[in-house]
Ligand code: TYD
Ligand code: MG
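In my numbering, the protein residues as written are -19 to 466.
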């Protein structure tokens, strides 16, 4: 038997050393070298199946490819390129909320829009453990298969029968075009992909995949970089859309510091609390669409259920006025979501008062507290203040300023706002209320969900859109807004 060679690999940069050192000479990290050995089975792997060989087998380009050029590449004027690559029709996953996040494009010159996965693209799906990454991808895979798109679902963390059990729960155990593979070796996965010839390849998760010719543990930077770039290359070469699941570390970063994010075309992240019902899917990076859109899901007993456009994230509960709670119609991309913002104030200590927020920008909260002190005469310096967006949705829309401000004022003054009232507007440092964008969409959505009154910035020509029955309460500054509290 061949002697195993021992190597030392840096955990943070992936540099390989022949002996152990206290500090990595490449990246300067202390105590980061780990012992590893070359896999004795490396030679027996079907290395030929790796992507290099893919190119000859499935040359995707037609006569358009410049055959005369010896190097295989040639610069072309931009208008010649456009027609070929912009016309790719996306594969709809059948899950509207996911398609929305993946983005849409126009195909075929006419106004025919298609949304979904771009063939040949690499998508990374990140999120905390247990948030529903595997569930969503299995649902998407099953739904694609139902539409006649062949999918290979590679599970590197669970056994094939475990995945089947989940499929049974989701009601998609009998899809003919859905192939399952439980493996962690990249070469074997690529070989299977070549046999099955799927149009979408799902890898759940990339952290467990390894190449046996790379002397590092699965999940280490070196393995991640090599395996992910190999898979991205495969996507580009073969036209298979590759969807990778990536784990997120405790501080919310995708494991493998930003490395994977650079490699792929689209990064989708799962947000929301694991123990909350709602899940938000957001594109963090998207080479094929906007990053403004979000997809809303609800975790149920049989998988993730889409939350359609005309539903609020927070069930606007009951008709009783509640102290410290104000609703705001928030825009995220092209959709409007009614979001409940809550605040609580409690006795604190002057100079050490706590200001905590969840789902909301804490700088914004600090600013609004200062505005309340200066322009509304509230004394908050010795109050602990907590604010949150109900349901765990992260909000960045400045139009929720007014709602947050009113929630804090309401909590502090122990006065509730009428429950059929919502608030829209940005608050300036001078205590003025500024109008928000896309006001019509917000009013429409608020009215649809049963709101009767909307507090908003005073402005010329602020009227409710035709057919929308809401009373508009126009306010100029913070003082006038606070008068709306009962
Ligand atoms: P999972 O998709 O495995 O999470 P991830 O791959 O992101 O780690 O599962 C997420 C959680 O969802 C799991 O704890 C159980 C729950 N769940 C349901 O509530 N209903 C279901 O139908 C499924 C499949 C899972
Ligand atoms: Mg999983």
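Note that the Cβ used here is the ideal one computed from N, Cα and C, for glycine as well.
* Confirm the yes/no value for this check: CB of residue 184, any heavy atom of the ligand MG, distance under 7 Å. => Residue 184: yes, Cβ under 7 Å from the ligand MG.
* **Chain-ordered list of residues that sit, by beta carbon, closer than 6 Å to a heavy atom of the ligand TYD** => Counting only residues whose CB is nearer than 6 Å to a non-hydrogen atom of the ligand TYD, the list in chain order is 107, 109, 110, 111, 112, 113, 114, 115, 146, 149, 279, 281, 282 and 283.
* Cutoff 8 Å; reference residue 418; Cβ partners in own chain excluding five residues on either side -> If we look at residue 418 and ignore the five residues flanking it on each side, its Cβ neighbours are 311 and 316.
* Confirm the yes/no value for this check: CB of residue 286, any heavy atom of the ligand MG, distance under 7 Å. => Outside the cutoff, so no.
* Asked: Does at least one heavy atom of the ligand MG sit under 7 Å from the Cβ of residue 451?
  -> No, the beta carbon of residue 451 sits no closer than 7 Å to any heavy atom of the ligand MG.
* Can you find a heavy atom of the ligand MG that lies under 7 Å from the Cβ of residue 137? -> It does: the Cβ of residue 137 is within 7 Å (strictly closer) of some heavy atom of the ligand MG.
* Thinking just about the alpha-carbon of each residue, which of 322, 329 and 330 is nearest to the one in residue 337? -> If we check each option's Cα against that of residue 337, 322 comes out closest.
* Rounded C-alpha distance that separates residue 428 from residue 400 -> Residue 428 and residue 400 have their C-alpha atoms some 12 Å from each other.
* Which partner residues of residue 432 appear in the DSSP bridge assignment? -> DSSP output for residue 432 lists no bridge partner at all.
* Continuous beta strand (DSSP E) stretch holding residue 278: start and end -> Here the beta strand (DSSP E) through residue 278 covers 274 to 280.
* Asked: At which residues does the alpha helix (DSSP H) containing residue 130 begin and terminate?
  -> Segment: none, residue 130 is in no alpha helix (DSSP H) and carries neither H nor E.
* Asked: CB residue 83 to CB residue 268, shorter than 8 Å?
  -> Residue 83 is a Cβ neighbour of residue 268, given a cutoff of 8 Å.
* Assuming residue 195 and residue 407 make a contact with CB atoms under 8 Å, what is their CB distance in whole Å? -> Contact between residue 195 and residue 407 is absent: CB atoms are separated by about 57 Å, not below the 8 Å threshold.
* Asked: Helix, strand or coil for residue 121 per DSSP?
  -> Note: residue 121 maps to helix in three-state DSSP.
* With DSSP as the reference, please indicate the residues paired to residue 336 in a beta bridge. => Its beta-bridge partners are 366.
* Sequence-distant residues of its chain with Cβ nearer than 8 Å to residue 465 (five each side left out) -> Hits under 8 Å: 386, 389, 390, 393, 395, 396 and 397.
* Please say whether residue 158 and residue 131 have beta carbons closer to each other than 8 Å? => Going by C-beta atoms, residue 131 is nearer than 8 Å to residue 158.
* Asked: DSSP beta-bridge partners for residue 16?
  -> Looking at the DSSP assignment, residue 16 forms a beta bridge with -13.
* Asked: Span of the beta strand (DSSP E) holding residue 311?
  -> Going by DSSP, residue 311 is part of the beta strand (DSSP E) stretching over 305 to 312.
* Coarse secondary structure for residue 152, derived from DSSP in three states -> Residue 152: coil per DSSP, three-state reduction.
* Asked: Since residue 286 contacts residue 138 with CB under 8 Å, what's their CB separation in whole angstroms?
  -> Between residue 138 and residue 286 the Cβ distance is about 24 Å, and since that is not below 8 Å, they are no contact.
* **Cα-Cα separation between residue 381 and residue 308, rounded to whole angstroms** => Residue 381 and residue 308: Cα-Cα distance of roughly 9 Å.
* Thinking C-beta only, is residue 207 closer than 8 Å to residue 243? -> No, they are not a contact pair.
* Quick one: which unbroken beta strand (DSSP E) runs of 3-plus residues sit fully inside the region 348 to 434? Chain order, please. => Secondary structure remark: continuous beta strand (DSSP E) runs of at least 3 residues inside the region 348 to 434, in chain order: 363 to 369 and 401 to 403.
* **residue 263, enclosing beta strand (DSSP E) - first and last residue** => Residue 263 -> beta strand (DSSP E) spans 258 to 266.
* Asked: From 248, 6, 306 and 366, pick the residue whose C-alpha is nearest to that of residue 346; which is it?
  -> Closest option to residue 346, judged by alpha-carbon separation, among 248, 6, 306 and 366: 366.
* Asked: Taking one C-beta from the region 372 to 379 and one from the region 440 to 453 each time, how about it: are there three or more such pairs within less than 8 Å?
  -> No: the two stretches stay apart, fewer than three of their Cβ pairs being nearer than 8 Å.
* As assigned by DSSP and simplified to three states, the class of residue 147 -> If DSSP states are grouped into helix, strand and coil, residue 147 belongs with the helices.
* Asked: What residue range is occupied by the uninterrupted alpha helix (DSSP H) comprising residue 201?
  -> Run containing residue 201: 201 to 218, per the alpha helix (DSSP H) assignment.
* Cβ pair residue 433, residue 456 closer than 8 Å -> Not in contact: residue 433 and residue 456 (Cβ atoms no closer than 8 Å).
* Opposite residue 318 in the DSSP bridges: which residues? -> Paired residues: 309.
* Mind checking residue -2: buried by the 16 CB within 10 Å criterion, or exposed? -> Its Cβ having fewer than 16 others within 10 Å, residue -2 is exposed.
* To do: Would you check if the region 1 to 19 and the region 209 to 224 touch, i.e. whether three or more CB-CB distances between them fall below 8 Å?
  => Not touching, per the Cβ criterion.
* Look up residue 516 in the DSSP assignment and say whether it is helix, strand or coil. => Since the first and last residues shown for the chain are -19 and 466, residue 516 lies out of range.
* Beta-carbon of residue 436 versus every beta-carbon of chain B: anything under 8 Å? -> No chain B appears in the structure shown, which is made up of a single protein chain.
* Asked: Who pairs with residue 327 in a beta bridge, going by DSSP?
  -> The partner list for residue 327 (beta bridge, DSSP) reads 363.
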